[in-house]
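**Student:** Position 18 (the sequence shown) corresponds to 18 in full-length UniProt numbering; numbering is contiguous.
C-beta atoms are modelled at their ideal positions from N, C-alpha and C, and glycine is treated no differently.
Keep in mind that this is a model prediction, so the values were computed, not measured.
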Amino acid sequence: MVPLEVLAAPLQSSDAGSIVLVLFQLLIAAIQIAGMWMVFEKADYAGWKAIIPIYDLYIMLKIGENPWWWLVLLLVPILNIYAWYKIHAGVARAFGRGIGFGLGLAFLRILFFPLLGFGDYQYRRSSGLA
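#1: So, using beta-carbon positions, are Y82 and I59 closer together than 8 Å?
#2: Here's a check: name, in chain order, each residue in its chain whose Cβ is nearer than 7 Å to the Cβ of residue 134, leaving out the five neighbours to either side.
#3: List in chain order: all unbroken alpha helix (DSSP H) runs of 4+ residues lying wholly within the stretch 14-95.
#4: Quick one: residues in its chain with C-beta nearer than 8 Å to the C-beta of P67, no 5 flanking neighbours on either side, listed in chain order?
#5: Nearest-angstrom Cα distance between Y55 and K49?
#6: Would you mind stating whether A92 and E65 have Cβ atoms separated by less than 8 Å?
#7: For I33, I'd like the list of residues in its chain whose CB is within less than 8 Å of its CB, leaving aside the five on either flank, ordered along the chain.
#8: Can you give me the C-alpha to C-alpha distance between I99 and G90, rounded to a whole angstrom?
#9: Short of 6 Å in beta carbon distance, which residues of its chain neighbour A43, apart from the five on each side in sequence? Order them along the chain.
Next up, the structure:
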């Protein structure tokens, strides 16, 4: 019979692998936040608004010229996937990008927000598309 101390593994270990994993996750988060910060500044909003969890979505709605109630639709199951896309598609449209870029912003944020923020994309006040 195996002793209980051998079977009971700690929930968190203090080995170097977990420290590297945490640092990697912080790096990924910092890259995404920096990209969103630059997108907000290009759209003439304060960059710090990118780090406030719900408020950043509200600002993205304003950038994409969508109504505020799309935030409420994020609470509805199944419909929230479309609302999430619609919020990010509005941001992509405001920068002159299309559907594919909107999908990238919605589902591959780590790649597309830094690309949009640090790239040569210019913010357009009125997208002209509804």
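**Tutor:** Let's see:
#1: By 1-based counting over the sequence shown, the position of residue 82 is 82. By 1-based counting over the sequence shown, the position of residue 59 is 59. The answer is no: Cβ separation not under 8 Å.
#2: Because the chain is modelled from 1 through 130, residue 134 falls outside the range shown and cannot be assessed.
#3: 16-42, 53-63, 70-73, 79-94
#4: The residue you call residue 67 lines up with position 67 of the sequence shown. L61.
#5: In the sequence shown, residue 55 corresponds to position 55, counting from 1. In the sequence shown, residue 49 corresponds to position 49, counting from 1. The alpha-carbon atoms of Y55 and K49 are separated by roughly 7 Å.
#6: The sequence position of residue 92 within the sequence shown is 92, counting from 1. The sequence position of residue 65 within the sequence shown is 65, counting from 1. It is not a contact, given that the beta carbons lie outside the stated cut-off.
#7: Here the question's residue 33 lines up with position 33 in the sequence shown. Once the five neighbours on either side are set aside, the close Cβ partners of I33 are A50, I51.
#8: Within the sequence shown, residue 99 is the residue found at index 99, counting from 1. Within the sequence shown, residue 90 is the residue found at index 90, counting from 1. Spanning the two alpha carbons is a distance of roughly 9 Å.
#9: Residue 43 sits at position 43 when you count from the first residue of the sequence shown. Closer than 6 Å at Cβ, skipping near neighbours: I63, Y123.
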